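Participant: A single structure is presented below for examination.
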Amino acid sequence: MGGTRVDIASWLHRLGLQQYDQAFRDNAIDASVLPELTADDLRDIGVDLVGHRRKLLAAISALRSNTASDPVASAAGGERRHLTVMFCDLVGSTALSVRRDPEDLRDLIGAYHHAVAEVVRRFAGFVARYMGDGILIYFGYPHAHEDDAERAARCALAVLESVSGLKLAEELRARIGIATGTVVVGGGAPEHDVVGETPNLASRLQSLAEPNTVLIDENTRRLIGGLFEYHDLGAVEARGFTGIVSAWQVLRPSAVESRFEALRASSPTPLVGRGEELEFLLWRWERAKKGEGQAVLLSGEPGIGKSRITTAVAERLHEQPHHHLRYFCAPHHQDTPLHPVITHLEHAAGFSRDDPPAAKLEKLRRLFGQGRLGHLRRRVAAHAGQRSRNSEQETELLLLAVAGVRQALIADLLSLPTGSALSEMNLSPQRKKERTLEALLGLLEDLSRKRPVLMVFEDVHWIDPTSRELLDLTIERIRRLPVLLIITFRPEFSEAWSGAAHVSALLLNRLDTDEGTVLAEMVAGKALPDELVSHIAARTDGVPLFVEELTRAVLESGFLHDEGDCYGLDRKIPSFAIPLSLHASLLARLDRLGPIAKEIAQIGAAIGRDFSYELLAAVAQCGEAVLQDALGWLVDAGLVFQRGTFPDATFLFKHALVQDAAYGTLLRGPRQALHAQIAGALETQLPELIDSQPELFAQHFAEAGLVENSIAYWGKAGYRSATRSAMAEAAAQLRKGLDQLTLLPDTPERRRQELEFWSALGAVLLAVKGQAAPETGDAYARAQELWEHLGSSSEFLQVPYGHSRYHAVRGELDLARRLDEDLLDLSRRRNDSAGLVLGHMSAGRTLMYAGEFASSRSHLETALTLHDPIIHNSLVHQIGNYPQVVAQASLAIVLFCLGFPDWAVVRSNTAIAEARRRSHPTALAVSLSDGTLLLSLVGDDAALDERADKLISVAAEQDFPLWGAQGTLYQGWVRVKNGDLAEGISLLRSGANAYRATWAEAWTPYYIALLARTCGISGKIEEGVTLLDEALQIVKRTGERWFAAELNREKGRLLHRRGHAEAAEELYRQALSIAEEQGAKLWELRAAASLARLRCDQGRCGEARDLLAPVYGWFTEGFDTPDLKEAKALLDELGGIERA
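The sequence shown: position 423 = 412 (the working numbering), numbered continuously.
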């Protein structure tokens, strides 16, 4: 108001009306209430003279005008409201106009208007407009009440009674329609129409009502519940409304009292009625102190007191030595990795925004120094020759002790420079994340070894995925630590922790009537009138926050007077803004604060759960005094908390839903303008956040409707998260960017941006969902469509490559082959060497699955020849792997099948060494996966066991489910070959189930064959044959023929053991034929050896020797492998060797 608070006494004196100063004081009218006073309010406080009322109203109007001219105050221009609208019409007015003289008719209608207005005034409604014989009435504007729908219904019945009871020349009757819903209201005089369907529906219901009846809609019926008796009219036809419109006739009030459901969030109320719950938590604390770590899952509906009881635990432990850690999740940061942790660390370290990086690092070192291990302190003290806590030498040594990897990881998490500490470690993004989580857990362990720890994680229903990972690890880690972890969440949150022995659940229920009374009086600070206490208890339904909010509304209303040790009631209990929901209560309190404070709250709500004074001032653009006054009102009203002093103060909404209530009143236009101002202020005032929190900018630009800006920042956020291996967050951010892209016109530039996002999302989903997951395929399919539409740009060659790999791993080799051929054709036409590298590499791997080994070898060797690590460096980022590693690893398998086992092992080892040299997790996983497969084919069981362990370790570290499943399968096979059948079979089946869960089909026939071999070893021949038939069906369906010869041979071996020599011989012949067709000399050797053994058993040793000797004689290497050793032994047994 004019930039400063109005002093009421001075204002009245300037008006010459100072005699009302005491009346204003007695009724608690201050600067925040003054602009909202009406003529009725002035009459109620004792301004009886019409002239004085008009003078005061004019001055109040001027105050409103001055406020509206203020930049911050003019932002709203209207708001969204939940409004109950009544439309009252006089029955038979047309007939009256025919029968009555116009003057008489005027008098009748005037009496009708007066009667209705008097009843409306009694129920605190607002007559918005007289329309001849129709009257439009609002309940909920310009001042909201918690029971507006009920008031409207009671008023309607009273209006019917009043109108029909008029003693006039004609008997008058009315009919009424009532509807409730969201409308846009304000932006002018209150009598202006609200905008929305609600007033139209009220009018339509009125037209359907019989004389002297009231019809209501479904929303109104739901709000007033069992307070009235009804006649259900079912679905009615309301002109202009599509779909079903349900209607009820209100008959009369019932004897049932209202019940209010708490739908909004908790706040820190005085702790009442939670003795048992508090003792339960303290009992868990005692167990935790002994080293038996405890986690308590504290759940309950919004407003039930979850936050308050965690505060009470801390209060009870205040005198005990312990550390208290508290983390807050926030709805705007569900896609910001580790946001609760980062915020906690920044506050704990005492960071200021103006601190240079060096100062922040020093503060971080001090923070670490305060929480070191007890045994470290003892070692330091011993080294220093004393145990003095204040020893400068001890402090220095402590600072040195915490330097290194952990500090560097935490500093990196806080976007602080780390020098070469991390770069020299050459960590992959995923490994860095894992090490960061481990560092955070290490800090917790350090603290717990010094003192017990009370750790509270609040509102985890808004938790980001990486913090969820940390919480999962924390729950497991604290089992043997003196830590009590309390996790709060709403009932709809799905948790998976309650099965652990050290985890317990605690559900908070509502308070009873006595407890509610105690709570209300604790909030008030002294005893309240019994009538008022009953009123509060009846309308708050045992929800602590409702009790608190309603009590505060009563205290702020001015209807109580202080009698020393208690409050007295001045008059009959008025209609306070009792919360029908938390939003209604908060909206009423915001209304009473006045437009400036309300709009400051709206700006703060648009910024986020917490906001700085500096950013708020940059957005509000109003005078310093105005802003600080408004914030003072918000703090005094208990809507926000303040930390620090101006201008470095920061503010936190009391609860996230307090923020929601303020934000929800904003209209689209002002809301978008606010977000645009916030985004602009962030760019100019806090540019350092552009790199560390691009998702914050993206969100505000999106809400502002500045689509292009939002898209750019979502892309930046997705890339940043992906490079830090926060893949779940990256996927969410990229999808939000894609959502924004749909808002742009369909132009080539938009499609190009879509292609960027879809291709990046495909690569991210490979990690999040798996190579063969449907979501991955959908992303690549859309990217492929866009890529082709845009002319198949060489800039996005990762799209057809990734799409082909998706289909190949799913066993859809025809589709993969077609994509490979198209990529090669395109690259040849354009002479694009990068495209040729990818095309040959992809085709080589596809043909490997298909068993076309010679062609596969040619493509893979061509890819290696064409690849230049310098020229094609960008391919590493595009496909998420090193081409030379993938090609070498694939070629090793092909060479083995072609009969070059020694060369194959060399190629495989080269690929693994290159992946390790590059420190690239995905490349290492691919090379180890193919290398482990190779060793299982070679039969080097000792090396296979070691490599399978390494593959499992990498997959676990980097969260690669497909490769982890493969490692488990190979590990199981080693166990079987080592004689541990039970463990081996368990691992094989576990690995097979895990592999199947990734949607992958590639390699499946081979894994089934391993299970079948196990059946053969354990004597389960029929089960083994059934498994091999299943594998052969997969080969027929998918075309994955690389192991087809071996499947036939394995089946023949099992049948041979059953004595089915003819069937076995036929299968051996099929295996030999397939191997010869494929040029697969290793498979040919195995098939020939098996067939030779069968013929030898039949006494046909000469035929056996003639079959096997030429095949064995072809080989020039691999003579130390089991395959060639066994073949040579058989030939020796048969009596001779022929060399080709």
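We put the CB at the ideal spot given by N, CA and C, even for glycine.
As the structure is a prediction and not an experimental result, all values here were calculated from the model.
Any contact of the region 735 to 750 with the region 927 to 936, i.e. 3+ C-beta pairs under 8 Å?
Facilitator: no
Participant: In angstroms, rounded to a whole number, what distance separates the CA positions of R211 and L656?
Facilitator: 26 Å
Participant: May I ask you to verify whether the region 832 to 839 touches the region 806 to 818, counting CB pairs closer than 8 Å and requiring at least 3?
Facilitator: yes
Participant: Mind checking whether A912 and S897 have CB atoms under 7 Å apart?
Facilitator: no
Participant: Please say whether A1060 and A1034 have beta carbons closer to each other than 7 Å?
Facilitator: yes
Participant: Can you tell me whether V184 is buried or exposed, with buried defined as 16 or more other CB within 10 angstroms of its CB?
Facilitator: So V184 counts as exposed.
Participant: Taking contact to mean 3 or more Cβ pairs, one atom from each stretch, closer than 8 Å, check whether the region 450 to 463 and the region 708 to 719 are in contact.
Facilitator: yes
Participant: By Cβ distance, which residues of its chain are closer than 6 Å to P480, with the 5 residues on each side in sequence left out?
Facilitator: S288
Participant: Between V172 and the rest of its own chain, which residues show a CB-CB distance below 7 Å, the 5 nearest in sequence each way excluded?
Facilitator: R70, L72, V183, V184, G185, T187
Participant: Would you call the CB atoms of F76 and Q238 closer than 7 Å?
Facilitator: No, these two residues do not count as a Cβ contact at 7 Å.
Participant: Among Q688, V615, L1113, E603, whose alpha-carbon lies nearest the alpha-carbon of T1149?
Facilitator: Examination of residue 1149 is not possible in this model, given that the chain is present from -10 through 1129 alone.
Participant: Alpha helix (DSSP H) containing F635: first to last residue?
Facilitator: For F635, there is no enclosing alpha helix (DSSP H), since its DSSP letter is neither H nor E.
Participant: To the nearest angstrom, report how far apart L306 and I476 are at their CA atoms.
Facilitator: The straight-line gap from Cα to Cα measures roughly 18 Å.
Participant: H861 by DSSP, collapsed to three states: which one?
Facilitator: H861 carries a coil assignment under DSSP once its states are collapsed to helix, strand and coil.
Participant: How long is the line joining the alpha carbons of F122 and I585, rounded to whole angstroms?
Facilitator: The sequence as given places Asp at residue 122; Phe does not occur at that position. So the two alpha carbons sit approximately 39 Å from each other.
Participant: Rounded to whole angstroms, what is the Cα-Cα separation between L544 and A509?
Facilitator: 11 Å
Participant: Which whole-angstrom value describes the C-beta separation of D78 and R164, a residue pair presumed to lie in contact below a C-beta threshold of 8 Å?
Facilitator: At roughly 6 Å, the Cβ-Cβ gap stays under 8 Å, so D78 and R164 are in contact.
Participant: Under a three-way DSSP split, which group does C555 fall into?
Facilitator: It is a strand residue.
Participant: For L424 and L433, which I take to be in contact (beta-carbon distance under 8 Å), what is that distance rounded to the nearest angstrom?
Facilitator: Rather than Leu, the amino acid found at residue 424 in this sequence is Arg. At roughly 15 Å, the Cβ-Cβ gap does not stay under 8 Å, so R424 and L433 are not in contact.
Participant: Let me know the secondary structure DSSP gives L260 once reduced to three states.
Facilitator: coil
Participant: Suppose you measure from the CA of E841 to the CA of G1028; what does that come to, to the nearest Å?
Facilitator: Going by C-alpha positions, E841 is about 11 Å away from G1028.
Participant: For F128, which beta-bridge partners are listed by DSSP?
Facilitator: DSSP lists T73 as partners of F128.
Participant: Look at the Cβ atom of L750, then the Cβ atom of A761, and state whether they are nearer than 7 Å.
Facilitator: no
Participant: Considering only the alpha carbon of each residue, which of L1043, L1071, E1054 lies closest to F1032?
Facilitator: For F1032, the nearest C-alpha among the options comes from L1071.
Participant: Is P242 helix, strand or coil when you go by DSSP?
Facilitator: The answer is strand: DSSP assigns P242 an E or B state.
Participant: Please report the residue range of the beta strand (DSSP E) in which R118 lies.
Facilitator: 115 to 120
Participant: At which residue ranges does the region 474 to 560 contain complete alpha helix (DSSP H) runs of 4 or more residues, listed in the order of the chain?
Facilitator: Correct list: 502 to 513, 519 to 529, 533 to 546.
Participant: Closest by CA to D448, which one among E935, A400, Y316?
Facilitator: Y316
Participant: Do the CB positions of S781 and L815 come within less than 7 Å of each other?
Facilitator: Inclusion of S781 and L815 in the CB contact set at 7 Å is warranted, their separation being smaller than that value.
Participant: Buried or exposed: where does L38 fall if 16 or more other Cβ atoms within 10 Å of its Cβ makes it buried?
Facilitator: exposed
Participant: Exposed or buried, which one is D857 when buried takes at least 16 other CB atoms within 10 Å?
Facilitator: exposed
Participant: I believe A998 touches L1036 by the beta-carbon criterion, under 8 Å. Please report the beta-carbon distance rounded to the nearest angstrom.
Facilitator: 6 Å
Participant: Using CA coordinates, which residue listed in L1120, C555, L1043, W992 is at the minimum distance from V1014?
Facilitator: L1043
Participant: Within 10 angstroms of the Cβ of C1004, are there 16 or more other Cβ atoms? Answer buried if so, exposed if not.
Facilitator: buried
Participant: Apart from the five residues on each side of it in sequence, which residues of its chain come closer than 7 Å, Cβ to Cβ, to D599?
Facilitator: T639, F640, L641
Participant: Pick out whichever of D948, H861, E764 has its Cα sitting closest to the Cα of S822.
Facilitator: H861
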